[in-house]
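To start, the structure under review is shown below, and the notes come after it.
Numbering (this note's numbering), first residue to last: 24 to 712.
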């Protein structure tokens with residue numbers, strides 16, 4: 024007697040679309056292996072296997088084979104049904120569902136902690152670590168004020184500034200962000216998985232994305248933004264369905280904006296919420312023209328502010344990509360350029376691996392969804408994300424700057440998931456296991472690539488090659504990493520491979536030093552050999568030095584203003600600008616710049632001396648004396664201290680303080696370059712009655 028076949032019959036279209044998404048899934052699996060043949064291709068969201076040990080390749084081949092064969096195996100159909108039902112019953116229907124969710128979150132956080140990233144080359148990881156660990160004060164970016172304040176608070180609870188407390192602060196914030204975001208993903212899944220829309224599929228689409236990497240001890244300012252995004256999305260959809268949650272939705276949006284201003288891309292979607300139902304909707308129905316006048320006024324005002332800022336601030340310009348021809352640093356990279364378009368596709372796949380697979384299932388529901396308030400709200404969210412992804416310049420290169428754009432696809436994910444009709448088996452049950460395996464595999468590869476030290480280093484080198492014109496900060500981070508690990512061979516190899524980039528930077532440094540040393544001839548020769556770059560802070564500094572040599576102080580000041588706009592957390596630039604203000608006798612402006620420099624670096628001796636001198640010029644002797652005390656606390660001080668105290672004592676009418684320090688200066692400051700002039704001032708103080 025013949026045994027029963029283990030294979031199901033070829034799936035029919037009557038049970039919902041199968042072959043189109045199946046072929047897409049097969050193609051996406053194949054894409055994971057394609058970069059093995061083209062290792063230098065711009066497929067950075069698909070090429071994890073290049074950087075991982077061979078065991079990962081073997082595992083992925085087996086996993087892909089099992090996932091693609093599974094839909095045709097008879098015994099997999101009941102397994103898929105049981106898996107779907109179990110997940111739904113345990114996490115969404117059980118009286119203990121919140122306990123089970125809490126256990127899931129707990130296990131996930133344990134994984135986050137156990138598999139925390141060992142390197143931090145993505146984003147501004149090492150720069151942010153250095154800032155938080157700094158003993159000389161940390162800067163707080165205006166666009167990321169909230170998260171920086173939280174990190175500083177956590178660090179203070181762990182101890183004083185150090186490399187360890189800084190790293191642990193970022194990791195704790197990363198774990199906490201992951202726990203809260205996971206909770207809201209469960210809540211969102213329960214909210215939108217009505218009818219026969221599978222909970223496990225919705226949950227997989229929301230969870231197994233590139234954003235998961237942010238919770239594995241990731242060092243950057245973006246993990247906390249996800250608390251704002253997931254909370255905002257949940258309460259917004261809840262409000263559209265029940266009329267409750269508008270205040271909490273706004274609260275989470277404000278929290279997200281306070282963490283990072285990029286969350287502002289969802290403000291239009293929230294304004295839509297205000298007028299689509301409730302009191303806002305009643306007001307709109309009564310005064311529609313007033314609402315549209317208000318909206319149009321806001322749009323016109325926003326466009327005016329944008330145009331004004333774009334035309335007057337090189338710092339603001341630098342946020343955005345040019346439309347057709349890129350910036351001097353990388354002319355081939357613009358909004359409408361193949362490298363950027365390919366980068367956007369990579370980013371969308373990284374953030375939404377199931378996008379192309381779910382689109383055929385969602386195709387029947389677009390018309391219905393886009394007529395609903397939920398559809399319009401999510402469309403606004405999705406458009407905000409895609410617009411941000413399209414026009415904002417990934418200044419570090421998009422493979423490294425991916426975290427800046429990590430929030431851009433979340434609205435699109437929700438939109439596609441909600442477009443899938445609530446009809447029985449619109450997604451065939453046999454598709455559950457393959458899609459789940461694909462989601463887990465893609466997320467797992469991305470995480471493994473970045474938490475494994477050797478893989479992370481290889482990947483970092485890859486994207487440095489991919490966007491060489493933007494790679495200087497990446498190379499400097501790698502240089503610092505190898506140097507800290509005493510790997511001199513790796514340092515030499517890095518400098519050899521990227522010699523052009525390092526030589527260009529060294530040429531800039533030589534030009535600045537020539538300006539500082541008064542070597543105008545060398546400065547001019549070096550400047551003539553450097554390509555003009557309106558978006559380079561260092562280039563504007565060199566131009567400022569040249570203008571100062573030529574006696575064009577106002578033009579020198581303008582160039583320094585541009586340099587500071589482009590690098591507003593460099594204390595040295597504020598110190599330089601204060602010198603020009605002082606020459607122009609603009610002492611209050613000079614003092615303001617020195618105070619800003621002090622906020623960024625509170626232990627630089629020359630800066631403290633400059634602050635004390637400038638306080639005297641602004642007739643603030645008490646403040647001048649305060650800075651001399653700080654100078655003494657820093658360590659051995661020079662004879663300038665006597666000069667400052669003598670002048671301060673004279674201004675305060677403290678004859679003893681003034682004359683004692685005047686004598687000390689005259690006796691001990693013979694090597695001071697300004698000794699002849701300052702000696703006369705001291706002698707004048709000594710002649711005072």
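Don't be surprised by glycine CBs; every beta carbon is placed ideally from N, CA and C. None of these values were measured; they are calculated from a predicted model.
Item to check | Proximity of residue 170 and residue 235 at Cβ, strictly below 8 Å | outcome: For this step, residue 170 is matched to residue 147 along the chain shown. For this step, residue 235 is matched to residue 212 along the chain shown. No. Outside cutoff.
Checklist entry - Which runs of the alpha helix (DSSP H) spanning at least 4 residues fall entirely within the segment 144 to 218, listed in chain order? => result 148 to 156, 168 to 181 and 186 to 215
Next on the checklist: Judging by CA-CA distance, which residue of 430, 99, 338 and 493 is the nearest neighbour of residue 276?
Outcome noted: Along the chain shown, read from residue 1 onward, the residue named residue 276 stands at position 253. Nearest C-alpha to residue 276: 430.
Checklist entry - If you run the structure through DSSP and keep just helix, strand and coil, what is residue 38? => result Within the chain shown, numbered from 1, the residue matching residue 38 stands at position 15. For residue 38, the pLDDT reaches just 46, beneath the cut-off of 50, and the residue's location in the model is therefore unreliable, although a value from the coordinates is still provided. Looking at residue 38 - three-state DSSP - the assignment turns out to be helix.
Next on the checklist: Can you tell me whether residue 444 is buried or exposed? The criterion is at least 16 other CB atoms within 10 Å of its CB, across all chains shown.
Outcome noted: Along the chain shown, one-based indexing puts residue 444 at 421. Buried, because 16 or more other Cβ atoms sit within 10 Å of the Cβ of residue 444.
Next on the checklist: Helix, strand or coil, according to DSSP, for residue 415 in the structure here?
Outcome noted: Taking the chain shown and counting its residues from 1, the one referred to as residue 415 is at position 392. Of the three classes helix, strand and coil, the one that applies to residue 415 here is strand, per DSSP.
Checklist entry - What are the start and end residues of the alpha helix (DSSP H) that includes residue 301? => result Working through the chain shown from its first residue, we reach residue 301 at position 278. Where residue 301 is concerned, the enclosing alpha helix (DSSP H) stretches over 301 to 309.
Next on the checklist: Alpha carbons only, please: which of 412, 124 and 616 is nearest the one belonging to residue 363?
Outcome noted: Looking up residue 363 in the chain shown gives position 340. If we check each option's Cα against that of residue 363, 412 comes out closest.
Checklist entry - What residue does the alpha helix (DSSP H) around residue 458 start on, and which one ends it? => result Walking along the chain shown from the start, residue 458 turns up at place 435. Its alpha helix (DSSP H) spans residues 455 to 474.
Item to check | Among 641, 610, 653 and 599, the one whose alpha carbon lies nearest that of residue 625 | outcome: Here residue 625 refers to the residue found at position 602 of the chain shown. Out of 641, 610, 653 and 599, 653 has the C-alpha closest to the C-alpha of residue 625.
Item to check | Alpha-carbon to alpha-carbon, residue 673 and residue 708 | outcome: Locating residue 708 in the chain shown gives position 685, where the first residue counts as 1. Locating residue 673 in the chain shown gives position 650, where the first residue counts as 1. If I take the Cα positions, the gap works out to 7 Å.
Next on the checklist: Can you give me the C-alpha to C-alpha distance between residue 279 and residue 121, rounded to a whole angstrom?
Outcome noted: Locating residue 279 in the chain shown gives position 256, counting from the first residue. Locating residue 121 in the chain shown gives position 98, counting from the first residue. Their Cα atoms are separated by approximately 25 Å.
Next on the checklist: On the criterion of 16 or more Cβ atoms from any shown chain inside 10 Å, does residue 189 qualify as buried, or is it exposed?
Outcome noted: Mapped onto the chain shown, residue 189 falls at position 166. Buried, by the Cβ-count rule.
Checklist entry - Considering residue 129, what are the terminal residues of the alpha helix (DSSP H) in which it resides? => result As a working note, residue 129 is residue 106 in the chain shown. Start and end: 120 to 137.
Item to check | Residues near residue 687 by beta carbon distance below 6 Å, same chain, minus five either side | outcome: Translated into positions along the chain shown, residue 687 becomes position 664. The beta carbon of residue 687 sits closer than 6 Å to the beta carbons of 665 from its chain, once the five residues preceding and following it are set aside; these are given in chain order.
Item to check | Spatial distance of residue 495 from residue 466 (CA atoms) | outcome: Position 472 of the chain shown holds residue 495. Position 443 of the chain shown holds residue 466. Each residue's CA atom was taken as its position, placing residue 495 and residue 466 some 29 Å apart.
Item to check | Inter-residue spacing [alpha-carbon to alpha-carbon] between residue 485 and residue 65 | outcome: Counting from one through the chain shown, the residue named residue 485 turns up at place 462. Counting from one through the chain shown, the residue named residue 65 turns up at place 42. When rounded, the distance between both Cα atoms is 10 Å.
Checklist entry - Are residue 239 and residue 436 closer than 8 Å when you measure CB to CB? => result Against the chain shown, residue 239 aligns to sequence position 216. Against the chain shown, residue 436 aligns to sequence position 413. Not closer than 8 Å, so no.
Next on the checklist: Starting from residue 535, trace the alpha helix (DSSP H) in both directions and tell me its first and last residue.
Outcome noted: What you label residue 535 is simply residue 512 of the chain shown in a count that begins at 1. Here the alpha helix (DSSP H) through residue 535 covers 522 to 539.
Next on the checklist: If distances are taken between C-alpha atoms only, which option among 640, 407, 131 and 593 comes closest to residue 610?
Outcome noted: What you label residue 610 is simply residue 587 of the chain shown in a count that begins at 1. Among 640, 407, 131 and 593, the Cα nearest to that of residue 610 belongs to 640.
Item to check | For residue 55 and residue 42, the rounded distance between their alpha carbons | outcome: Here residue 42 corresponds to residue number 19 of the chain shown, with the count starting at 1. Here residue 55 corresponds to residue number 32 of the chain shown, with the count starting at 1. Taking the straight line joining both Cα atoms gives about 20 Å.
Checklist entry - When burial is assigned at 16 or more other CB atoms within 10 Å of the CB, is residue 360 buried or exposed? => result Locating residue 360 in the chain shown gives position 337, where the first residue counts as 1. It counts as buried.
Checklist entry - When the Cα atoms are used, what is the spatial distance from residue 671 to residue 329? => result Sequence index remark: in the chain shown, residue 671 carries index 648 (1-based). Sequence index remark: in the chain shown, residue 329 carries index 306 (1-based). Roughly 47 Å separates the two Cα atoms.
Checklist entry - Starting from residue 547 and walking both ways along the alpha helix (DSSP H), at which residues does that stretch end? => result Mapped onto the chain shown, residue 547 falls at position 524. Segment 543 to 552, the alpha helix (DSSP H) holding residue 547.
Item to check | 4 or more residues per run - each alpha helix (DSSP H) lying fully within the segment 364 to 451 | outcome: 378 to 385, 389 to 393, 396 to 414 and 433 to 442
Next on the checklist: Once DSSP output is grouped into helix, strand and coil, what is the label at residue 505?
Outcome noted: Within the chain shown, the letter at position 482 stands for residue 505. Three-state DSSP puts residue 505 in a helix.
Checklist entry - Whose C-beta lies closer than 6 Å to the C-beta of residue 381 among residues of the same chain, with five residues either side of it excluded? => result Here the question's residue 381 lines up with position 358 in the chain shown. 439, listed in sequence order.
Next on the checklist: Comparing C-alpha positions only, which one of 698, 603 and 595 sits nearest to residue 730?
Outcome noted: Within the shown structure, residues of the chain are numbered from 24 to 712, placing residue 730 beyond reach of any answer.
Checklist entry - For the candidate residues 544, 581, 540 and 424, whose alpha-carbon lies nearest to that of residue 145? => result For this step, residue 145 is matched to residue 122 along the chain shown. For the residues 544, 581, 540 and 424, the minimum Cα distance to residue 145 belongs to 424.
Next on the checklist: Using a Cβ-Cβ cutoff of less than 7 Å, which residues in the same chain neighbour residue 662 once the five nearest sequence positions on both sides are dropped?
Outcome noted: Here residue 662 is taken as the residue at index 639 of the chain shown, counted from 1. Answer for residue 662: 688, 691, 692 and 695, listed in chain order.
Checklist entry - Would DSSP call residue 343 helix, strand or coil? => result If you number the chain shown from 1, residue 343 lands on position 320. Note: residue 343 maps to strand in three-state DSSP.
Checklist entry - Hey, how far is the Cα of residue 344 from the Cα of residue 394? => result Counting from one through the chain shown, the residue named residue 344 turns up at place 321. Counting from one through the chain shown, the residue named residue 394 turns up at place 371. Taking the straight line from one Cα to the other gives about 34 Å.
Checklist entry - Can you tell me the Cα-Cα spacing of residue 668 and residue 499, whole angstroms? => result In the chain shown, residue 668 corresponds to position 645, counting from 1. In the chain shown, residue 499 corresponds to position 476, counting from 1. If I take the Cα positions, the gap works out to 42 Å.
Next on the checklist: With a threshold of 8 Å on Cβ separation, who are the neighbours of residue 299 within its own chain once the five nearest residues in sequence on each side are excluded?
Outcome noted: By one-based count along the chain shown, residue 299 stands at place 276. If we look at residue 299 and ignore the five residues flanking it on each side, its Cβ neighbours are 263, 396, 399 and 400.
Checklist entry - Can you list, in chain order, the residues of its chain whose CB lies under 7 Å from that of residue 217, leaving out five sequence neighbours each side? => result Numbered from its first residue, the chain shown carries residue 217 at position 194. Excluding positions up to five away in sequence, the list reads 445.
Item to check | Inter-residue spacing [alpha-carbon to alpha-carbon] between residue 648 and residue 583 | outcome: The residue you call residue 648 lines up with position 625 of the chain shown. The residue you call residue 583 lines up with position 560 of the chain shown. Spanning the two alpha carbons is a distance of roughly 30 Å.
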